[in-house]
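Student: Residue numbers for the sequence shown, in the numbering used here: 15 to 267. Have a look at this one before I ask anything.
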Amino acid sequence: MPLYVEKKPDVLITEDGVRTDGRLPHEIRPIRMTVGILDKADGSAFIEWGGNRILTAVFGPREVHPKHLALPDKALIRTRYNMAPFSTPERKRPGPDRRSVELSKVIREAIKPAIFVENYPGSVIDIFVEVLRSDAGTRVAGVNAASLALANAGIAMRGLVAACAVGRVENFIICDPNHDEDMWGDADMPMAMLMESEKITLLQTDGPMTDEQFKEALEMGRRCIRFLYEMQKEALKRPYLIVERSVFEQGEV
Ligand code: ADP
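This is the structure:
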């Protein structure tokens, strides 16, 4: 079987800011959100974002097993991020690895501040994030879908958590990096916000940025996240329906 080798594109971004997939710096890949698609889960959501396909399911609040893990005054929140073996160009070894353990934690920390955990003492809320197809930005896609699945399960929340990554390719700050930009771009910065207060619940940076570039990236991230939030609200109003927007235009939010 030939080895799958990825090739760096000759040009990651043109002088006019046109990216490898034809987007401009402020444009998001096409997104669809569908809520409530699993009848066996208490809450569920499916997100398609660029080439990402991610299914999230929420179970709970329910009894904790093993019992000694139960917290007397609040709910235990457990998150599992998992990539299917067929979700990557080359078959991924099934089961947990370092990256999935880390991303499970990152997603849990991003979502947890939204949940009124004190409303559910002694119980557990399990959040499953199953990546069926991956195409860069799975953690932020997972946060958006997990938040929808929690709301769909009727869990008491302060607000939704919305998320988007931004990045830098040469001198351009870009939103929603694609696979090429994630691999060969200069910086990548996934972000999430609890929308009720716009408090940041996830902010990671990978790669160098000047103070000015960081400020610009943060502002672009905020704008993209507000856009995602509008989509989430629409998806929740019309469960079982698809909300689709192709691109985020500068100045829309
Ligand atoms: P994120 O998906 O949140 O951007 P990473 O930056 O770790 O997280 O991964 C970027 C992309 O690299 C993923 O979305 C996926 O497409 C790809 N990727 C991650 N892990 C693997 C893997 N084990 N095998 C192949 N591709 C992977």
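Cβ coordinates follow ideal geometry from the N, Cα and C atoms, glycine included.
May I ask you to verify whether the stretch 141-150 touches the stretch 68-77, counting CB pairs closer than 8 Å and requiring at least 3?
Tutor: They touch, by the three-pair rule.
Student: Among M97, N133, A177, N185, which residue has its Cα nearest to the Cα of I91?
Tutor: N133
Student: From E244, A98, E104, A163, pick the residue whose C-alpha is nearest to that of D56; which is it?
Tutor: Of E244, A98, E104, A163, the residue nearest in Cα terms is A163.
Student: Alpha carbons only, please: which of E184, A128, R107, Q227 is nearest the one belonging to G31?
Tutor: Ranking the options by Cα distance to G31, first place goes to E184.
Student: To the nearest angstrom, how far is it from the Cα of G265 to the Cα of Y254?
Tutor: Per-residue confidence for G265 stands at a pLDDT of 47, beneath the threshold of 50, marking its modelled position as unreliable; no derived number is given.
Student: Beta carbon of E123: closer than 7 Å to some heavy atom of the ligand ADP?
Tutor: no
Student: Starting from the Cα of M205, find the closest Cα among R112, P127, A231 and give me that residue.
Tutor: A231
Student: Quick one: is the Cβ of S8 within less than 7 Å of any heavy atom of the ligand ADP?
Tutor: There is no way to answer for residue 8, as the model of the chain reaches only from 15 to 267.
Student: Is it right to say V154 is buried, meaning 16 or more other beta carbons lie within 10 angstroms of its own, or is it exposed?
Tutor: Looking at its Cβ environment, which holds 16 or more other Cβ atoms inside 10 Å, V154 is buried.
Student: Does the stretch 57-66 come into contact with the stretch 75-90, if we say contact requires no fewer than three beta-carbon pairs (one atom in each stretch) closer than 8 Å?
Tutor: no
Student: In terms of residues, what are the limits of the beta strand (DSSP E) holding A124?
Tutor: Looking at the DSSP string, A124 is not in any beta strand (DSSP E); the run it does join, the alpha helix (DSSP H), is 112-125.
Student: If you run the structure through DSSP and keep just helix, strand and coil, what is K88?
Tutor: strand
Student: Among residues of its own chain, excluding the 5 on either side of V131, which ones have a beta-carbon nearer than 6 Å to its beta-carbon?
Tutor: K88, A89
Student: Using only the alpha-carbon positions, how far apart do E258 and I45 sit?
Tutor: 6 Å
Student: Give the range of the alpha helix (DSSP H) segment to which L164 is assigned.
Tutor: 152-166
Student: Going by Cα to Cα distance, which pick from A98, N166, R252 is closest to K54?
Tutor: N166
Student: Please name the residue in N192, D202, R94 whose C-alpha comes closest to that of V157.
Tutor: R94
Student: Below 7 Å, is the gap between the Cβ of A204 and the nearest heavy atom of the ligand ADP?
Tutor: Here residue 204 turns out to be Pro, not Ala, going by the sequence shown. Indeed, a heavy atom of the ligand ADP lies less than 7 Å from the Cβ.
Student: Contact check, Q246 vs L174 under 8 Å by CB: the rounded distance?
Tutor: Contact holds; Cβ gap of about 5 Å.
Student: Once DSSP output is grouped into helix, strand and coil, what is the label at N133?
Tutor: helix
Student: Per DSSP, P204 is paired with what?
Tutor: In the DSSP secondary-structure assignment, P204 is bridged to A179.
Student: Taking 7 Å as the cut-off, is the C-beta of E104 nearer than that to any heavy atom in the ligand ADP?
Tutor: yes
Student: Can you find a heavy atom of the ligand ADP that lies under 7 Å from the Cβ of R153?
Tutor: yes
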